[in-house]
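Below: one structure, written as structure tokens.
Protein chains: 2
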Amino acid sequence: MAVGPSTFPADMPAIAGFQIGVAEAGIKKPGRRDLVIMALEAGSRLAGTFTRNAFCAAPVHVAREHLTAGAEGPRYLVINTGNANAGTGEQGMTDARATCQALAEIAGCDAKAVLPFSTGVIGEPLPMDRLTAALPTAFANLGEGDWSAAAHGIMTTDTRPKGSWRTLALSNGESVTLAGASKGSGMICPNMATMLGFVATDADLAIDQPALDAMLRRVVVKSFNSITVDSDTSTNDACMLAVTGQAGRVEGEDLIAFEAALAEVMLELAQAIIRDGEGATKFVTIEVSEARSQEEARAVGFTVAHSPLVKTALYASDANWGRILAAVGRAPLEELDVTGVAITLNGVTIVEQGGRADSYTEAAGSAAMAEEELVIGIRLGRGQQEARIWTSDLSHDYVSINADYRS
Amino acid sequence: MAVGPSTFPADMPAIAGFQIGVAEAGIKKPGRRDLVIMALEAGSRLAGTFTRNAFCAAPVHVAREHLTAGAEGPRYLVINTGNANAGTGEQGMTDARATCQALAEIAGCDAKAVLPFSTGVIGEPLPMDRLTAALPTAFANLGEGDWSAAAHGIMTTDTRPKGSWRTLALSNGESVTLAGASKGSGMICPNMATMLGFVATDADLAIDQPALDAMLRRVVVKSFNSITVDSDTSTNDACMLAVTGQAGRVEGEDLIAFEAALAEVMLELAQAIIRDGEGATKFVTIEVSEARSQEEARAVGFTVAHSPLVKTALYASDANWGRILAAVGRAPLEELDVTGVAITLNGVTIVEQGGRADSYTEAAGSAAMAEEELVIGIRLGRGQQEARIWTSDLSHDYVSINADYRS
Numbered sequence: 001m002a003v004g005p006s007t008f009p010a011d012m013p014a015i016a017g018f019q020i021g022v023a024e025a026g027i028k029k030p031g032r033r034d035l036v037i038m039a040l041e042a043g044s045r046l047a048g049t050f051t052r053n054a055f056c057a058a059p060v061h062v063a064r065e066h067l068t069a070g071a072e073g074p075r076y077l078v079i080n081t082g083n084a085n086a087g088t089g090e091q092g093m094t095d096a097r098a099t100c101q102a103l104a105e106i107a108g109c110d111a112k113a114v115l116p117f118s119t120g121v122i123g124e125p126l127p128m129d130r131l132t133a134a135l136p137t138a139f140a141n142l143g144e145g146d147w148s149a150a151a152h153g154i155m156t157t158d159t160r161p162k163g164s165w166r167t168l169a170l171s172n173g174e175s176v177t178l179a180g181a182s183k184g185s186g187m188i189c190p191n192m193a194t195m196l197g198f199v200a201t202d203a204d205l206a207i208d209q210p211a212l213d214a215m216l217r218r219v220v221v222k223s224f225n226s227i228t229v230d231s232d233t234s235t236n237d238a239c240m241l242a243v244t245g246q247a248g249r250v251e252g253e254d255l256i257a258f259e260a261a262l263a264e265v266m267l268e269l270a271q272a273i274i275r276d277g278e279g280a281t282k283f284v285t286i287e288v289s290e291a292r293s294q295e296e297a298r299a300v301g302f303t304v305a306h307s308p309l310v311k312t313a314l315y316a317s318d319a320n321w322g323r324i325l326a327a328v329g330r331a332p333l334e335e336l337d338v339t340g341v342a343i344t345l346n347g348v349t350i351v352e353q354g355g356r357a358d359s360y361t362e363a364a365g366s367a368a369m370a371e372e373e374l375v376i377g378i379r380l381g382r383g384q385q386e387a388r389i390w391t392s393d394l395s396h397d398y399v400s401i402n403a404d405y406r407s
Numbered sequence: 001m002a003v004g005p006s007t008f009p010a011d012m013p014a015i016a017g018f019q020i021g022v023a024e025a026g027i028k029k030p031g032r033r034d035l036v037i038m039a040l041e042a043g044s045r046l047a048g049t050f051t052r053n054a055f056c057a058a059p060v061h062v063a064r065e066h067l068t069a070g071a072e073g074p075r076y077l078v079i080n081t082g083n084a085n086a087g088t089g090e091q092g093m094t095d096a097r098a099t100c101q102a103l104a105e106i107a108g109c110d111a112k113a114v115l116p117f118s119t120g121v122i123g124e125p126l127p128m129d130r131l132t133a134a135l136p137t138a139f140a141n142l143g144e145g146d147w148s149a150a151a152h153g154i155m156t157t158d159t160r161p162k163g164s165w166r167t168l169a170l171s172n173g174e175s176v177t178l179a180g181a182s183k184g185s186g187m188i189c190p191n192m193a194t195m196l197g198f199v200a201t202d203a204d205l206a207i208d209q210p211a212l213d214a215m216l217r218r219v220v221v222k223s224f225n226s227i228t229v230d231s232d233t234s235t236n237d238a239c240m241l242a243v244t245g246q247a248g249r250v251e252g253e254d255l256i257a258f259e260a261a262l263a264e265v266m267l268e269l270a271q272a273i274i275r276d277g278e279g280a281t282k283f284v285t286i287e288v289s290e291a292r293s294q295e296e297a298r299a300v301g302f303t304v305a306h307s308p309l310v311k312t313a314l315y316a317s318d319a320n321w322g323r324i325l326a327a328v329g330r331a332p333l334e335e336l337d338v339t340g341v342a343i344t345l346n347g348v349t350i351v352e353q354g355g356r357a358d359s360y361t362e363a364a365g366s367a368a369m370a371e372e373e374l375v376i377g378i379r380l381g382r383g384q385q386e387a388r389i390w391t392s393d394l395s396h397d398y399v400s401i402n403a404d405y406r407s
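Protein sequence lines, in the order shown, are assigned to chains A and B. Every letter in the first sequence is one number past the one before it in UniProt numbering, and letter 268, counting from 1, is 268. Every letter in the second sequence is one number past the one before it in UniProt numbering, and letter 49, counting from 1, is 49.
This is the structure we're talking about:
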């Protein structure tokens, strides 16, 4: 199940200096693309954010280490689906390093120039024989622009590929392009990181690595770190931004426009994960305003987004707004004066001054809840800050997907 | 659905100085007991804990106020099910006070000697005409010992009544009795409070009110505040302990034995809520040990207990222990060294030194998961503190109950 039509663009562009190669390694089951290589031209830069889960997977450890360790800079990302290589102890670390080494030998580069990524079931050993056997095929397939193959090749319980892109005209008349793919459907509550998200740009950014890292962090907070399907932060989340520098120079005011374009691409990729959330039948935006701080606004948004009772009411299209109110009331806020709280549902005011709005009718609430796309507005009445969180509902299919299938 | 046979005792005892009266008020639907009065002999004492939900219901506000305000002390508790009188603004406060006033006029006492409690749907006005019309019947029915009627009369989505009792032989040869009833099935994650729980004792406790309050708080933390069905803290949680003082004097060492007996009664009432959790097919104890603090141990326990992925794996009896590991990894702990973590399932070691145990077999894990009652042991390897949290699984029935029915 998924909300609305697929959002994968038909016209995903190639990024100069960035190539994609895909193969069928049969890691979990045969006959599907499950191994992806992304190649960065020499001289490219790479920024990344990773999961904060303490049990972060072996490839996350190795990718984080290689991100800064390679003398020749980053050259290859290698991504497998079907197995997360998490909870696998020392063997997992050995396997992640061996994957880098195997690709490095094929490509003729240093193993530290390769960053590994894995997604899939936790706690089972990575089938190294099948993975390494398929590396030459994926490497031989490297070519520009096949984002659809990459997006398919990283899917787990996803029902459809996720991609987004933008071009940006620069002040000097040149232009740059950004494109990316993401995956994710369950175990989605990124914490200072993301599910797997890969974005590449040909821009020649006039900023140093710390500034590039900071830009990625700013954008990730408002995109991948603002979504939740089920409150479960994965062991394997990672978001990577590859900058090949093969196109126009981006400096001055253009940097602001570039960050805005990057934010749009990342947000579309993040929202695509929610639209494809496990069992999702609703796409829900929670807009929290008049908070004392960003953190407070986000805490209220996530409390509502994680409430099983709110999520089942959304699934039922039941205007049971008392559950939203109860979730706001249990959010970790100091001294919330409920008489200042107002709640709307697709513009219909349901709560004002802490109680049911005089103007509210069950008919209006039910009509709003029947929509496939919902905006829950929560005004806290105690400050100037705001945040937006995106989530899906809790359906029978979510239970079936996670009870019937070992993901 | 519920786990195991009903645990309601066949032989619930009367408590001297404590009476119960029940009526059918037709608050939500006709033909069921939905109004309960509990009467305390003059001179009784009462201690209580209430929800920390900022949107706490009107009756919670009034009960908290009356708990200390009445010149003649507490005399009556009046409890309705079918309507929570929460999110009802000023009208809700007026209705809660009017309920106390109506009972006070029948009983010939001060309105402040009456404490109101409500449970049921949030956001709909309390049907005062039906409620007050049934008060004389409930009052006329007052008598000692019908705990079964009281336990039935406070149920919402509960599938069975919940009760527990103990007698305690004192050093001086006398004895005292404790008995109580609770309700709760969904919207269960009490926070410094509980779902509705009412316990009465005829003990003559040789402690002052602050010490009585403190005893109740200590016991509640390890019982009602250590359970969760769905992470949603209700707007109406309350736990009351009535002390009539009609039986033996409890002092000195006997006070320690009394607190232990009270803890057993409260824990049985809390566990009965989990066994009857909405859609529950499993009764799960999460034992967290070797933590740096109680708070840390509880945080890990609740993170695992709230994980939808852990809960659906429990429902499926799928030994997908990677989900438990991932939940431990995202718990809010400072600098968790995962190599110190061990996880067991009904005694079967699944994780040691942060990865899959060498001795682990899928067959042993599956056999453990197939049990209806499960103990998940989590050893953090970084301290001496421990905590136990109880929870249920996430089943299709949970979704059906909350999506098909406005609770």
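The beta carbon of each residue, even a glycine, is placed where N, CA and C say it ideally should be. All figures in this text were calculated on a predicted structure; none of them were measured in a lab.
So is residue i buried or exposed if we call it buried at 16+ other beta carbons inside 10 Å?
i	result
residue 298 of chain A	buried
residue 29 of chain A	exposed
residue 226 of chain B	buried
residue 208 of chain B	exposed
residue 359 of chain B	exposed
residue 172 of chain B	exposed
residue 337 of chain A	exposed
residue 143 of chain B	exposed
residue 256 of chain A	exposed
residue 384 of chain A	exposed
residue 339 of chain B	exposed
residue 167 of chain B	exposed
Along chain A, which residues have their Cβ under 8 angstroms away from the Cβ of residue i?
i	result
residue 418 of chain B	Nothing about residue 418 of chain B can be read from this structure; chain B reaches only from 1 to 407.
residue 315 of chain B	399 and 403
residue 136 of chain B	Simply none; closest approach about 30 angstroms.
residue 168 of chain B	Within chain A, no residue comes near residue 168 of chain B; the closest Cβ sits about 36 angstroms away, beyond 8 angstroms.
residue 333 of chain B	54
residue 186 of chain B	309
residue 408 of chain B	With chain B covering 1 to 407 only, the question about residue 408 of chain B has no answer from this structure.
residue 261 of chain B	Neighbours of residue 261 of chain B on chain A: none; closest Cβ ~31 angstroms, over 8 angstroms.
Name the chain A residues whose beta carbon is nearer than 7 angstroms to that of residue i?
i	result
residue 86 of chain B	322
For residue i, which residues in chain B fall below 7 angstroms Cβ to Cβ?
i	result
residue 396 of chain A	396 and 399
residue 230 of chain A	308 and 309
Residue j and residue i - do their beta-carbons sit closer together than 8 angstroms?
i	j	result
residue 230 of chain B	residue 187 of chain B	yes
residue 118 of chain A	residue 158 of chain A	no
residue 205 of chain B	residue 261 of chain B	no
residue 250 of chain B	residue 154 of chain B	no
residue 86 of chain B	residue 176 of chain B	no
residue 181 of chain B	residue 198 of chain B	yes
residue 126 of chain B	residue 83 of chain B	yes
residue 102 of chain A	residue 135 of chain A	yes
residue 395 of chain B	residue 399 of chain A	yes
residue 122 of chain A	residue 278 of chain A	no
residue 328 of chain B	residue 348 of chain B	no
residue 235 of chain A	residue 189 of chain A	no
residue 150 of chain B	residue 223 of chain B	no
residue 289 of chain A	residue 160 of chain A	no
So which residues on chain A does residue i lean against when the C-beta distance must stay under 9 angstroms?
i	result
residue 369 of chain B	Result: empty, since nearest Cβ-Cβ is about 12 angstroms, beyond 9 angstroms.
residue 152 of chain B	The contacting residues do not exist; residue 152 of chain B stays about 24 angstroms from chain A at best.
residue 121 of chain B	320 and 322
Just checking my contact of residue i with residue j at CB under 8 angstroms: how many whole Å lie between their CB atoms?
i	j	result
residue 62 of chain B	residue 109 of chain B	The Cβ separation is near 15 angstroms, so there is no contact.
residue 242 of chain B	residue 392 of chain B	That belief does not hold up - the Cβ atoms of residue 242 of chain B and residue 392 of chain B are roughly 29 angstroms apart, past 8 angstroms.
residue 283 of chain B	residue 386 of chain B	That belief does not hold up - the Cβ atoms of residue 283 of chain B and residue 386 of chain B are roughly 20 angstroms apart, past 8 angstroms.
Below 8 angstroms on C-beta distance, what does residue i contact in chain B?
i	result
residue 146 of chain A	What residue 146 of chain A touches in chain B: nothing, since even the nearest Cβ is about 31 angstroms away.
What residues of chain B sit near residue i, judged by a beta carbon separation below 9 angstroms?
i	result
residue 220 of chain A	Ordered by position in chain B, no residue passes the 9 angstroms Cβ test against residue 220 of chain A, which lies about 17 angstroms from the chain.
Requested in this report: Could you tell me which uninterrupted alpha helix (DSSP H) segments, each at least 4 residues in length, are contained entirely in the stretch 247-292 of chain B, listed from first to last along the chain?
Outcome: 253-275
Requested in this report: Could I get the ranges of all uninterrupted beta strand (DSSP E) runs contained in the stretch 145-217 of chain B, with 3 residues as the minimum, in chain order?
Outcome: Entirely contained in the stretch 145-217 of chain B, the beta strand (DSSP E) runs reaching 3 residues are, in chain order, 162-169, 175-182 and 197-201.
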